[in-house]
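A.B. asks: Residue numbers (our numbering): 1 to 264. Using N, Cα and C, we set each Cβ at its ideal position, and we do this for glycine too. Mind looking over this structure? Questions follow.
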Amino acid sequence: AAPVGAKVLEVDAVSVGGKDCAFTCYSKGVITFPVDMQEGGAILAYASLESSVLATEFPDVVLDDVEGIASGVKFRLMTMPGKTWSDASIAGYHQQAFMQACNEAFSRIEHGYSLGSLEVQPLAFGRPVSHIRRVPNIGAISYVGGGAPAGGVSAIAAENISAYMAIAMNSAGKMVRASSANISHENAVFGVATNSTVTGAAVSYQSSGLVTNAAWSFVAGSPVFLGVDGELTQAEPTTGFSKVMGDAVSAKSLLVNMSEAVIL
Numbered sequence: 001a002a003p004v005g006a007k008v009l010e011v012d013a014v015s016v017g018g019k020d021c022a023f024t025c026y027s028k029g030v031i032t033f034p035v036d037m038q039e040g041g042a043i044l045a046y047a048s049l050e051s052s053v054l055a056t057e058f059p060d061v062v063l064d065d066v067e068g069i070a071s072g073v074k075f076r077l078m079t080m081p082g083k084t085w086s087d088a089s090i091a092g093y094h095q096q097a098f099m100q101a102c103n104e105a106f107s108r109i110e111h112g113y114s115l116g117s118l119e120v121q122p123l124a125f126g127r128p129v130s131h132i133r134r135v136p137n138i139g140a141i142s143y144v145g146g147g148a149p150a151g152g153v154s155a156i157a158a159e160n161i162s163a164y165m166a167i168a169m170n171s172a173g174k175m176v177r178a179s180s181a182n183i184s185h186e187n188a189v190f191g192v193a194t195n196s197t198v199t200g201a202a203v204s205y206q207s208s209g210l211v212t213n214a215a216w217s218f219v220a221g222s223p224v225f226l227g228v229d230g231e232l233t234q235a236e237p238t239t240g241f242s243k244v245m246g247d248a249v250s251a252k253s254l255l256v257n258m259s260e261a262v263i264l
């Protein structure tokens, strides 16, 4: 069975003064795996994050340790030698973008996809891999946000947002209605709002998992795209950028599983 329950947790940066980094960021990510998939899950997460997130978006960051644990997988991030988190762009808005990228990676693993380095997948079951190392427990973990559905987190809204709109993070680190016509939203879409809110209040959202809305009338089995002004549509945009938000599993239900944006 495919892993379930992907979640991304808060990123905590601490100064360690080591020769290899100015700061070490401990990012605790949890995916719930069957017991016999724990080590395999760690390897798939490592491959996906390292090749698809870190190598392209954050080249000054290295995925240092990955451990398969009872509840899933956890990993540690470090800056490259001689670099700081400022160089690595893991601060403020970019830290949120990193958590979004992790969540997307976990979501795809959850649904049976690997984002990159598929050649490591055969090593996931029953064969040791040298770069998977056991690391000490790095402390209690707490989920980002609270009260959101499985796969969901929350943030502050920069404008009025209605439930079931797609949302993106603006340059101030707050949520706005996402739009495929706004190129600045290309890599800033965080998911689907699960509550209606007003400017300055919290908005909960899901970036993976099932969302149901009685007002939807999707064609089951077909992809759902990001439209304009937060709209979710099955008509692929022809300008701006195209981003699949997930797949309609029924007329009223969307399995959120976001793709990379494609500039049109």
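When the Cα atoms are used, what is the spatial distance from Gly200 to Lys243?
C.D. replies: 27 Å
A.B. asks: Just verifying my parser: in three-state terms, what is the DSSP assignment at Val144?
C.D. replies: Unreliable placement is indicated for Val144, whose pLDDT of 29 sits below 50; no coordinate value is reported for it.
A.B. asks: Could you pull out every residue in the same chain whose Cβ sits closer than 8 Å to the Cβ of Val224, ignoring the five residues on either side in sequence?
C.D. replies: Phe218, Leu232, Thr233, Gln234, Val244, Met245, Gly246, Asp247, Ala248 and Leu254
A.B. asks: Within 8 Å, do at least three Cβ pairs link the segment 176-188 to the segment 205-215?
C.D. replies: no
A.B. asks: Pick out whichever of Arg177, Pro237 and Ser250 has its Cα sitting closest to the Cα of Ile266.
C.D. replies: The requested residue 266 is not part of the displayed model; the chain covers only 1 to 264.
A.B. asks: Assign Glu50 to one of three DSSP states: helix, strand, or coil.
C.D. replies: For Glu50, the pLDDT reaches just 48, beneath the cut-off of 50, and the residue's location in the model is therefore unreliable, leaving the point undetermined.
A.B. asks: For Val228 versus Gln206, is the C-beta spacing smaller than 8 Å?
C.D. replies: With a cutoff of 8 Å on beta-carbon distance, Val228 and Gln206 are scored as not near each other.
A.B. asks: So what does Ser250 bridge to, in DSSP terms?
C.D. replies: Ser253
A.B. asks: So what does Met169 bridge to, in DSSP terms?
C.D. replies: Met175
A.B. asks: Tell me which residues share the same chain as Val203 and place their Cβ nearer than 7 Å to its Cβ, disregarding the 5 neighbours each side in the sequence.
C.D. replies: Ser154, Ala155, Ala157, Ile161, Ile167, Met175, Ala193, Asn195 and Thr197
A.B. asks: Note down, in chain order, each residue of its chain lying with its Cβ closer than 8 Å to the Cβ of Tyr164, except the 5 sequence neighbours on either side.
C.D. replies: Val192, Ala193, Thr194, Val211, Asn213, Ala215, Trp216 and Leu232
A.B. asks: Which residue's Cα is closest to the Cα of Ala181: Phe241, Ala172 and Ser171?
C.D. replies: Phe241
A.B. asks: Which class does Ser222 belong to by DSSP, given the choice of helix, strand or coil?
C.D. replies: The answer is coil: DSSP assigns Ser222 none of H, G, I, E or B.
A.B. asks: Quick check on Gly221: buried or exposed, where buried means 16 or more other Cβ atoms within 10 Å of its Cβ?
C.D. replies: The residue is exposed, with fewer than 16 neighbouring Cβ atoms inside 10 Å.
A.B. asks: Shortest alpha-carbon distance to Ala259 belongs to which of Ser250, Ala172, Leu226 and Gly173?
C.D. replies: It should be pointed out that residue 259 corresponds to Ser in this sequence rather than to Ala. It is Leu226 whose Cα lies nearest to the Cα of Ser259.
A.B. asks: In angstroms, rounded to a whole number, what distance separates the CA positions of Ala251 and Asn257?
C.D. replies: 17 Å
A.B. asks: With a threshold of 16 other CB atoms inside 10 Å of the CB of Ser171, please say whether the residue is buried or exposed.
C.D. replies: exposed
A.B. asks: Taking Tyr205 as part of the beta strand (DSSP E), name the residues at either end of that continuous run.
C.D. replies: Ala202 to Gln206
A.B. asks: Can you give the Cα-Cα distance for Gly173 and Thr239, rounded to whole angstroms?
C.D. replies: 26 Å
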